[in-house]
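Written out below as structure tokens is the structure these notes cover.
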Amino acid sequence: MEQIQLSAEELQALKQANLLKALTLQEGWSQVLLPYLQSQINHSWVDPRRAKSDEDLLYEYKLGWARAMAVEEIISFVNESEETAKKLLAKQKGETKDKLREAVS
Numbered sequence: 005m006e007q008i009q010l011s012a013e014e015l016q017a018l019k020q021a022n023l024l025k026a027l028t029l030q031e032g033w034s035q036v037l038l039p040y041l042q043s044q045i046n047h048s049w050v051d052p053r054r055a056k057s058d059e060d061l062l063y064e065y066k067l068g069w070a071r072a073m074a075v076e077e078i079i080s081f082v083n084e085s086e087e088t089a090k091k092l093l094a095k096q097k098g099e100t101k102d103k104l105r106e107a108v109s
């Protein structure tokens, strides 16, 4: 199969995906950072005793929810980067069909 030249944006995305993959292979990610992030998602408890009013309590709940959503987004971003790298490498190797390229030729 013929090699396909990736665009500058695709090469940058591939580089970033590879950097994130390298990060996930480190013990610091798997043993420290990922468990910490997951605990932030699963343990975003609000202590109602600290709230001075129902409005304060609701605000703290919303803040905890937003924090958990942001952490989930970070984990998803890192996980999805591996799929991005696979797709870009397959494209680069000519293993995927590019309908736009076929339509032009």
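If you read the sequence shown in my numbering, its first letter stands for residue 5, the second for the next number, and so on.
All C-beta atoms in this analysis are idealised placements derived from N, C-alpha and C, irrespective of residue type, glycine included.
Distance from the Cα of Glu64 is smallest, within the candidate group Val75, Pro52, Ile78, Ala74, for Pro52. Counting along the chain, Pro39 sits inside the alpha helix (DSSP H) bounded by residues 38-46.
The Cβ atoms of Gln7 and Gln96 sit closer than 9 Å to each other. Between Leu92 and Glu14 a beta carbon distance of about 6 Å is seen, short of the 8 Å cut, so the two are scored as contacting. By the neighbour-count criterion, in which 16 or more other beta carbons inside 10 Å mark a residue as buried, Ala12 falls on the exposed side.
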